[in-house]
Every structure is written in structure tokens, then in C-alpha cells.
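Let me begin by presenting the structure, written as C-alpha cells, before commenting on it.
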Amino acid sequence: MSVWAVLAAAGRGERLGSDRPKAFARLGGRPLLAESLERLEGSDWIDQIVIAAPPDWEEPSILVAEEIAATKVSSAVRGGDSRSESVRLALAEVPEDAAVVLVHDAARPLLPDEVIERVLAPLSEGWEGVVPALRVSDTVKRVEGDRVLETLRRDDLVAVQTPQAFLADALRRAVSGDVSEATDCASLVEAGGGRVTWVEGDPRLLKVTDAADLALVESWLEEE
Ligand code: CTP
Ligand code: MG
Numbered sequence: 046m047s048v049w050a051v052l053a054a055a056g057r058g059e060r061l062g063s064d065r066p067k068a069f070a071r072l073g074g075r076p077l078l079a080e081s082l083e084r085l086e087g088s089d090w091i092d093q094i095v096i097a098a099p100p101d102w103e104e105p106s107i108l109v110a111e112e113i114a115a116t117k118v119s120s121a122v123r124g125g126d127s128r129s130e131s132v133r134l135a136l137a138e139v140p141e142d143a144a145v146v147l148v149h150d151a152a153r154p155l156l157p158d159e160v161i162e163r164v165l166a167p168l169s170e171g172w173e174g175v176v177p178a179l180r181v182s183d184t185v186k187r188v189e190g191d192r193v194l195e196t197l198r199r200d201d202l203v204a205v206q207t208p209q210a211f212l213a214d215a216l217r218r219a220v221s222g223d224v225s226e227a228t229d230c231a232s233l234v235e236a237g238g239g240r241v242t243w244v245e246g247d248p249r250l251l252k253v254t255d256a257a258d259l260a261l262v263e264s265w266l267e268e269e
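Numbering of the sequence shown is given in the numbering used here, commencing with residue 46 and proceeding in unit increments.
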């Protein structure tokens, strides 16, 4: 069973406000992209990797792969206008015979190998998609403008991370339609009636959104 990874790294990183795309912001003295790429490269679960790079950063992405002596990176493709578009474009580079595709955000640099193992396992038990998630500890309310409409049952809520694992065919079907509204790949599989399950995520998979997140992830990296 061959497992391909798609590394979604094509975002602009507007909320981080760096002078370059977020994937190339500095983390531990290297481009942020290097951290998750190195962890995918080092995972025995992953066979090949396709990077969705920011437009005009395809070359520099390959250079990052070369700097960490990665042997599994098959290509870096130009990403799209949205995350789902970027995943769709990268998926076009994944060969038809790939059985499983793992989609990961470069914005979540600290990728533990245990989570890769956890999201892959349910795919051999009849699930088409698997997401890592954390239980929600805050009380969550649905609002409309200023008005609070209702309080959601916390027991029914989880906060979802990446890497997300999919049977390749299910992911291909999911991204073939209108993907403009989707913030993750699993929601597209769910929308098509696909069977998606969740496993325990990891707090270290924090998504770097702003400068404070970057500083926090940097401090965790120093502790490792
Ligand atoms: N992503 C992508 N292609 C896009 C937009 C996002 O591959 N067109 C990727 C980002 O590179 C990131 C992940 O999806 O790894 C999650 O997106 P987000 O955290 O929103 O990153 P950005 O879109 O870069 O940040 P911002 O929204 O602040 O501009
Ligand atoms: Mg974004």
C-alpha cells in the first residue's frame, strides 16, 4: 500500500504578516516548511511527497527539500487561490496507483510520527477519511452578529487538525467538485457522504497563524 503525502504550503500567510509566504518564515533558523517536510521525510509511513508551493516559490521549495537531503519529494507544484485548490493541484501529481493520501498543513510544523500512525490505522477498517482532533475545553456558542443564538453541547465538539488521511479515490472524488468553501479536505469527503472518523490529535500540532503562534512553536521546538 503506497502512501503519498501532500504538503499544503501555498498560503500567503497574511495574518503572520511576514515579508514572504508563511512557509518561508523563519523557524529555528530554517524556513518553516523544512520542519514538517523533514518529519514527513523521516516517517516510515510515508513513501512520496508532493509540495503545494506558493506561486513562484516552487524552486525555493525544492531547494528546501535538497537542503534537508529529502529523497521522497517528487515535485513542488504551484498552489491555488484556496487551500482546497492547492490540494487539488498537488493531487494531480499523485499517481493513480497511490492507495492513500495524507494531507498536511505546512503551517503545523511540529508533526509527531505517532499522529501519522494514528490517522492511517482506521483506513484499513472501512473508513475513507481520518482526522486528528482535540476535545474542546472552552464553551462554544453559535452567534449571529452581536447576538448569541445558542450554546453548543461541548461533548459533541472536537477541534480538527492535520495530517488528515484518505483513501486516494475518496479524496480525488471529494476535490473534483466545488471546493471554494472548504477549510479542510475531510469536510469535502463528508459533504459527499464519505465515511470520516477522528482520532486523538496532539497539542503540538498547533497551526501557526500569527506571530505569537510562531514564537510558541519556536519555544516548543527548542524544548524538544
Ligand atoms: N494553503 C495553501 N494554499 C492556499 C491557502 C493555504 O496551500 N491557497 C495552506 C497554507 O500554506 C497552510 C494551510 O493551508 O499551510 C492552512 O492555511 P492558513 O493557516 O490559513 O495559511 P495562510 O492562508 O498562508 O495564512 P493566512 O490565511 O493568514 O493568509
Ligand atoms: Mg488562509
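The C-beta atom is built at its ideal place from N, Cα and C for all residues, glycine as well.
inquiry  = Within the continuous alpha helix (DSSP H) that includes serine 129, where are the two ends?
reply    = From DSSP, the alpha helix (DSSP H) with serine 129 extends over 128-136.
message = Can you tell me whether isoleucine 91 is helix, strand or coil according to DSSP?
response = Note: isoleucine 91 maps to coil in three-state DSSP.
key: Of the listed residues Val95, Asp89, Ile107, Gly58, nearest to valine 139 (C-alpha basis)   = Closest option to valine 139, Cα to Cα, is Val95.
ask   = Among Asp191, Asp258, Val160, Arg187, which has the Cα closest to the Cα of valine 244?
value = Closest by C-alpha distance to valine 244, out of Asp191, Asp258, Val160, Arg187, is Val160.
query = Of all the options Glu111, Leu156, Thr196, Arg187, which has the alpha carbon lying nearest to the alpha carbon of glutamate 269?
reply = If we check each option's Cα against that of glutamate 269, Leu156 comes out closest.
query = Between the segment 186-197 and the segment 125-133, do at least 3 Cβ pairs fall closer than 8 Å?
reply = No, because fewer than three Cβ pairs between the segment 186-197 and the segment 125-133 fall closer than 8 Å, the two stretches do not touch.
request  = Sort Glu111, Asp158, Val145 by Cα distance to aspartate 247 and report the nearest one.
outcome  = Nearest option by C-alpha distance: Asp158.
query = Among Leu212, Glu112, Gly56, Pro99, which has the Cα closest to the Cα of glutamate 83?
reply = Ranked by Cα distance from glutamate 83, the first of Leu212, Glu112, Gly56, Pro99 is Glu112.
query = The beta strand (DSSP E) spanning alanine 121 covers which residue range?
reply = That run of the beta strand (DSSP E) goes 118-123.
query = How many angstroms separate the CA atom of serine 169 from the CA atom of glutamate 86?
reply = Cα to Cα, serine 169 sits roughly 23 Å from glutamate 86.
ask   = Going straight from the alpha carbon of leucine 181 to that of arginine 249, what length do you get?
value = Contrary to the premise, residue 181 reads as valine rather than leucine in this sequence. Rounded to the nearest angstrom, the two C-alpha atoms are 15 Å apart.
key: Nearest-angstrom Cα separation, counted from valine 132 out to valine 224   = Whole-angstrom Cα-Cα distance: 10 Å.
task = With hydrogens ignored, establish whether the beta-carbon of lysine 117 is closer than 8 Å to any heavy atom of ligand 1.
result = No; taking the cut-off as 8 Å, the Cβ of lysine 117 has no heavy atom of ligand 1 nearer than that.
query = Using 8 Å as the threshold, is the segment 114-122 in touch with the segment 192-210, meaning 3 or more CB pairs across them?
reply = Contact between the segment 114-122 and the segment 192-210 is absent: fewer than three C-beta pairs spanning the two stretches fall below 8 Å.
ask   = So, is aspartate 200 buried or exposed, given that buried needs 16 or more other C-beta atoms within 10 angstroms?
value = Counting C-beta atoms within 10 angstroms of its own C-beta, aspartate 200 has fewer than 16 neighbours from the protein chains shown and is therefore classed as exposed.
Beta bridge counterpart(s) of tryptophan 49 as assigned by DSSP = Paired residue(s): Gln93, Val146.
ask   = Below 9 Å between beta carbons: does that hold for leucine 147 and isoleucine 91?
value = A contact, by the Cβ cut-off of 9 Å.
ask   = Under a three-way DSSP split, which group does valine 164 fall into?
value = Valine 164 falls in the helix class under three-state DSSP.
key: Top-ranked residue by Cα proximity to aspartate 255, from Arg153, Val164, Val176, Cys230   = With distances taken between Cα atoms, aspartate 255 lies closest to Arg153.
message = Between which residues of its own chain and glutamate 141 is the CB-CB distance below 6 Å, once the five residues before and five after are set aside?
response = Around glutamate 141, the same chain offers no residue with a beta carbon nearer than 6 Å, after the five sequence neighbours per side are excluded.
Coarse secondary structure for alanine 178, derived from DSSP in three states = The three-state reading of DSSP puts alanine 178 in strand, counting E and B together.
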